[in-house]
Amino acid sequence: MRSLVLVFLLFSICLSLLLVESLSPSLNDDVLGLIVFKADIQDPDGKLISWNEDDDSPCNNWAGIKCNPRSNRVSDLVLDGFGLSGKLGRGLLQLRFLRKLSLANNNFTGSLSLSFDQLSDLRFLDLSENGLSGEVPSDFFSQCGSLRSVSLAKNRFSGPVPESLSSCSTLASLNLSGNQFSGALPAGMWSMSGLRSLDLSENMLEGEIPKGIEGLNNLRVISLRSNGFFGEVPDGIGSCLLLRSVDLSRNSLSGGIPNTMQKLSLCNNLVLGRNGFTWEVPEWIGEMRSLETLDLSDNNFTGQLPVSLGKLQSLKIFNVSNNALTGSLPESMSSCINLLAFDISRNAFSGDVPSWVFKLGLQQVLFSGNRLSGSIHDAFVSSPENSQKKLVMLDVSQNVLSGEIPAVLGNFGSLQFLNMARNSFLGGIPSSIGQLKILKFLDLSENELNGSIPLEIGALTSLDELRLEKNSLGGNIPLSIGDSSSLKSLYLAHNEITGPIPASIAKLSYLQTVDFSFNQLTGTLPKQLANLVHLQLFNISHNQLQGELPAGSFFNTIAPSAVSGNPSLCGAAANRSCPTVLPKPIVLNPNSTDATPTTIAESFGRGKKILSISALIAIGAAAAIVIGVITITVLNLRVRSSMPHSAVALTFSGGDDFSKSPSTDGSSGKLVMFSGDPDFSTGAHALLNKDCELGRGGFGAVYQTMLKDGRSVAIKKLTVSSLVKSQEEFEREVKKLGKVHHANLVALDGYYWTPSLQLIIYEFVSGGNLYKHLHEGSGENRLSWNERFNIILGAAKGLAHLHQMNVIHYNLKSSNILVDSSGEAKVADYGLARLLPMLDRYVLSSKIQSALGYMAPEFACKTVKITEKCDVYGFGILVLEIVTGKRPVEYMEDDVVVLSDMVRGALEEGKVEECVDGRLQGKFPAEEAIPVMKLGLICTSQVPSNRPDMAEVVNILELIRSPSESQDELGDFN
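Just so we're aligned: the sequence shown equals residues -22 to -1, 1 to 952 in mature numbering (1 follows the signal peptide of the UniProt record, and there is no 0).
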């Protein structure tokens, strides 16, 4: 009996488990589908971290999920703007009860593979603003019985609009805009009787608009903008009585506006611009009383504007620009009391500017390119104060307006754009112009204005562009112009302006374009103009300027045509050398009985040619220099001839720190070691043995030897002996470098000095230089990404420390980056240029010409100061070299490839990842490699001030490498 009970209990338990199992799949379908969907995509921001496959249901706290409270099944999946990418997998098809699917504003790619027969409850679908592509299957909408809203906008879909749309009788909103759909609209398009909103704008659709649109009697909004539709607009559109917005702009439609459209009494927006519509603007347009926007611009309308426009009292935007309309503006439009923007530009309107225009409180008045005439004084003065404060944009250019510019213009304090160019305005520029505090654009060019530029122009601190060219303005350029701190463009050409160019213009740090040509400017150009780093054009031709052009920056490459017509201007661009300016010389007059100095001119007056004392001193100095050079050359030749070819015998006497002063006699040199034993175990004769040579650089050859304590050192024999400073200055500079200590810098251990031979003693780094690792190593010994990144970061830290110690490297390149046995980067050869008697960039360039490609552009500019930013430029090139594995400049058979240009071009084309060294075979994190290359490009900016400091570079590199990443994780990329 007990056994029967046990069997029964087991049977009951099994039955319960079976029931649970039978219910469980239906309850977990949503979890399964969502987890499969998640597995197919990338979630870089971790927005879906709450999606846990161990949960029984996604309805509690899963991000973007909403469930039906009755069935506990997923009803809404809304992941808009989650930053997701990947393809839309079939996991979504498990969500059988889904009513709303919105994945807008993500980065999904691939084709559309969903099928509505498996999502039969779906009512809302939004896949807009992704990267989906390909054709939408023709049967995609064949099972769309429950769909109410579909948006595929702003993707890359192509091909025809699916025919199956005609079966979506319940669809209320369809948005396919911003894709590449092509071909004609399907014939059944107008059978979707429930459609309220249709947006097919910005595609490549063509053909005529199909007839039968009257079938869409629920339609409120239609937009076919920016396609290739042609022919006439179907009359049936007037039967869509509920239409609120019609946008057929930017097509090739022709004919007149259909008369049936006058029945669209509810229409707020009628936009027909950029087509080929003809005939007159119909009188019945005034019956569309609800219109707020009427845009008939860029068509072929003719005749006059109808008086009925005055009935459109709800009108806010009126645009009939670029047609062939004539006559005067209808006075009836003064009843359009809600009008904000009024654009009649580029027509043939005539007559006066009506005063009612400035009484309506308009924000934009655009009248350019017509035949309006007379004065605008009365129209300005009659405008009420509250209307004056609303006007933001006024353009009356290219008319035949005359008279003076009214002083009341200053009352229009909200103006940001003012264009009165190419009229016949005369008189002066009113000083009230200075009251337009937020004005950004001012163009009064090509009028008959005279007088001076008002001082109040400096009050326009928001002004971006000032155009006053081709008038009769005189006087000086006001100093206050330097207070217009936002100016980018300044045009004063073809006037009668006199006086100098004020130095205050150099305060306009954003200035890009300047044209002062064809005036009567005099004086010299302010040297401060060279500080305008954004200059792209500076035309001062045909003036009376004199003296030397500013040195440096833009003015080193200024076009000769921009300075022509100034007979006394000198410099390379003016094709005229500048005379050497010397102080007035003092001479002694031999005919005088006293010791009173006289001038050369006075001496010449007595018929005597007398050399000044300064000239005599200069001649004497030159002779002394020549004798000195000959003497040093002879001594060098004697010293070198006395040395064996294989070695140089040296006698060392030295100390072991900065405080010791080793003796020096006529037959020995001076050796100073900053630490350790100064004796060399191999003997002096082996120091410069050819067999011990490690390599050669711009400053000398490097040899390896060993100290008595067993420590290896590297000895650099300087080959710039004739340029090295005196012993005192040489020792001072070397000791300064000896005090620089950092883990990423090669330590300087000491030095040796004789007048004919100088040696620098460094720590020995066993791993060789970076150049050999990058360009001469075998495939098996290639540097991994992790090793490359560490070398970049280490070099950056070393340079940052140098700059902190006020030391500039001057000679940064991959052969001067050493790698120790642990893979740590050590910067070598820093500061050696300081050993030269003067930091002449041309001498420097010749000594480090092997650094071709690393040298900052300012090395070629004699007047630009060499700063730490030169090292930053070289570091940027070094970064690109390390990441790409390519040399800074590579010579092909018929081309020269500059590394920075190649990477910058790839970045612009979106292919920068392809620049990473192919030897890494894809084993690198793109999220590190790409930002590192971008940082390299920023460091190689042509403008030094745009380059970051090395301390900033270190911080950026440390941010690029996530601090949470362990070395083990990085090992996956090695």
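For glycine and all other residues, C-beta sits at the position ideal for the given N, C-alpha and C.
Query	Result
Identified DSSP bridge partners for isoleucine 295	Thr271 and Ala319
Classification of glycine 11 by the beta-carbon crowding that lies within 10 angstroms, buried from 16 upward	buried
Local conformation of glycine 776 per DSSP, three classes	helix
Alpha-carbon spacing of valine 259 relative to phenylalanine 279, whole angstroms	6 Å
Proximity test, aspartate 34 beta-carbon vs the ligand ZN heavy atom, cut-off 7 Å	As far as ligands go, the structure on display features none, and thus does not contain the ligand ZN.
Closest by C-alpha distance to serine 440, when choosing among Gln413, Leu735 and Asn316	Gln413
Cα-Cα separation, glutamate 906 to phenylalanine 345	54 Å
Contact belief for leucine 417 with leucine 396 at Cβ below 8 Å, rounded distance in angstroms	6 Å
Neighbourhood of glycine 543 by C-beta distance below 6 Å, restricted to the same chain and skipping five residues each side	Ser519 and His520
Beta-carbon contacts of glycine 193 that lie in its chain and below 7 Å, excluding the five residues immediately before and after	Trp168, Ser169 and Ser171
Cβ pair count under 8 Å reaching 3, the segment 65 to 75 against the segment 43 to 54	yes
Phenylalanine 516 to serine 136 span [Cα, whole Å]	48 Å
Segment contact, 8 Å Cβ cut-off, at least three pairs: the segment 748 to 755 with the segment 707 to 723	no
Neighbourhood of isoleucine 83 by C-beta, 8 Å cutoff - its chain only, sequence neighbours within 5 removed	Note that residue 83 is asparagine in the sequence shown here, rather than isoleucine. Closer than 8 Å at the Cβ level, and outside the excluded window around asparagine 83, lie Asp58, Gly59, Ser106, Glu107 and Asn108.
Minimum length 4: unbroken alpha helix (DSSP H) runs contained in the segment 170 to 244	none
Rounded distance between the beta-carbons of leucine 110 and asparagine 133, thought under 8 Å	4 Å
Residue of Glu31, Asn253, Leu318 and Asn246 minimising C-alpha distance to glycine 209	Asn253
Nearest to serine 232 (by Cα), restricted to the options Asp276, Trp262 and Lys16	Asp276
DSSP beta-bridge partners of phenylalanine 419	Phe395 and Glu443
Start-to-end residues for the beta strand (DSSP E) that takes in asparagine 247	247 to 249
Test item: CB-CB of valine 932 and lysine 695 under 8 Å	no
Beta-carbon proximity check, serine 268 vs leucine 244, cutoff 8 Å	yes
Sub-8 Å separation of methionine 911 and valine 850 beta-carbons	no
Arginine 400 classed as buried or exposed, judged by whether at least 16 other C-beta atoms fall within 10 angstroms	buried
Backbone secondary structure at leucine 303 - three-state DSSP	strand
Distance between leucine 723 and methionine 651 (C-alpha atoms, nearest Å)	18 Å
Residue span of the alpha helix (DSSP H) that contains glutamate 886, given as start and end	877 to 886
Rounded Cβ spacing between valine 541 and alanine 552 (contact assumed at less than 8 Å)	5 Å
Residues that glycine 137 bridges to, as DSSP identifies them	Phe159
Host alpha helix (DSSP H) of leucine 937 (start-end)	928 to 938
Which of helix, strand or coil DSSP assigns to glutamine 20	strand
Reduced DSSP secondary structure (H/G/I, E/B, other) of valine 52	strand
Proximity test, Cβ basis, 8 Å: leucine 73 and chain C	Within the model displayed, chain C is absent; a lone protein chain is all it includes.
Beta-carbon contacts of tyrosine 469 that lie in its chain and below 6 Å, excluding the five residues immediately before and after	Arg445, Glu447 and Asp493
When Ser409, Asn157 and Leu26 are compared against glutamate 434, the one with the closest alpha-carbon	Ser409
Element boundaries [beta strand (DSSP E), containing cysteine 548]	546 to 548
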